[in-house]
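Heads up: the sequence shown runs through residues 0 to 162, numbered per numbering that gives the first Met the number 0.
Even for Gly, the Cβ is constructed at its ideal location relative to N, Cα and C.
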Amino acid sequence: MNKNDTCIQQLFNSRNSRKWLEADTHARELESKDGQDRIVLLADEEYSILTLNDCYATFSHYEDELAEEIHIEEAFYNAQDGLPLYAFFDLVLSVKGGCSDYFTRSYTMLMSKNFIMEEASEIMDDEISMMLRQKLPPCSDLLFLTHYLKEHWEKFGTPFVWD
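So, in C-alpha cells, the structure goes:
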C-alpha cells in the first residue's frame, strides 16, 4: 500500500475519531465567529482547517503545478471535509481539466478494498489510456482515473465498470 492509499484508509477509519470530531467542531465554531467558510483536510495524520484564502495560498503552486483561483474555489465548495491534501489538490486539477464530475466516483473506486489499479488498467481502453498518458503529466492514480472515467464516458456513452 502506498502513502496515498494509507492516507485514504486512515481517513475513512478515523471519520468518527476524537481528532476528526474536534477538528470539525472547531471549524464550525470558527465559521460562526467570522463568517468565513472552512474546509477540514487531512495532512500527515492531522486535520488542518483552511479558509478559501488559505487554500489559494497553499494550492496555487502546489507540487510544482499551477492552479487558478477559480479552480481552487470550485474545489473548495465542492469537496468533502476530511479529504487528504493530495486528494484535494487532485480535485483542483480535476476542475482545471474539466473532469471534476467524475472525481467522487474515482475517489470511491480507489478507496474500495476490491479495487486494484493495476488490474483495472488491464481492462481500460488502450486508446484512451495512451492518449491520457501523452496528455497528462505524471500524476496520481486518482487524477488519472478521474480523467479516464470522463474519457470513457465520452467515447462509449457508458460508465467504466470494474468488478
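### Message
On a Cα-Cα basis, can you pick out the residue from D80, A22, W152, E67 that is closest to I127?
### Response
W152
### Message
Give the list of continuous alpha helix (DSSP H) stretches no shorter than 4 residues that lie fully inside the stretch 91-131.
### Response
102-110, 116-122
### Message
Tell me which residues share the same chain as E45 and place their Cβ nearer than 8 Å to its Cβ, disregarding the 5 neighbours each side in the sequence.
### Response
K18
### Query
In or out: Y76 buried (at least 16 other Cβ within 10 Å) or exposed?
With fewer than 16 Cβ atoms within 10 Å of its Cβ, Y76 is classed as exposed.
### Query
What do you reckon, are the CB atoms on T24 and Q35 nearer than 8 Å?
Result no, Cβ atoms of T24 and Q35 do not sit closer than 8 Å.
### Query
Is L84 helix, strand or coil when you go by DSSP?
helix
### Task
In the DSSP assignment, find the unbroken beta strand (DSSP E) run with S47 in it and report its ends.
Taken as a continuous stretch (DSSP letters only), the beta strand (DSSP E) holding S47 covers 45-50.
### Task
Using DSSP bridges, identify the partner residues of I38.
Looking at the DSSP output, I38 bridges to L49.
### Message
Just to confirm my understanding: we take V91, look at its own chain, exclude 5 residues before and 5 after, and list those with CB closer than 6 Å. What are they?
### Response
F58, A66, H70, I71, A74
### Task
Quick one: give me the first and last residue of the alpha helix (DSSP H) that Y66 is part of.
One point to set straight first is that residue 66 is Ala, not Tyr, in the sequence displayed. Neither: A66 is in no alpha helix (DSSP H) and is coded neither H nor E.
### Query
For the stretch 78-88 against the stretch 113-131, are there 3 or more C-beta pairs whose distance is under 8 Å?
Cβ pair count under 8 Å is below three, so no.
### Query
Going by beta carbon distance, what residues of the same chain come within less than 6 Å of C54, once the five residues before and after it are set aside?
I71, F75
#### Entry: Exposed unless 16 or more other CB atoms sit within 10 angstroms - verdict on N1
Confidence at N1 is low in this model, with a pLDDT of 48, below 50, so the placement of that residue should be treated as unreliable; the coordinate-derived value is given next. With fewer than 16 Cβ atoms within 10 Å of its Cβ, N1 is classed as exposed.
### Task
Using 10 angstroms around the beta-carbon of S16, count the other beta-carbons present and answer buried if the total reaches 16, otherwise exposed.
With fewer than 16 other Cβ atoms within 10 Å, it is exposed.
### Task
Report, in whole angstroms, the separation of the C-beta atoms of V39 and A56, which I expect to be a contact under 8 Å.
About 17 Å separates the Cβ atoms of V39 and A56, ruling out a contact at the 8 Å cut-off.
### Task
Measuring alpha carbon to alpha carbon, tell me which of Y147, D140, T157, L109 ends up nearest L131.
Y147
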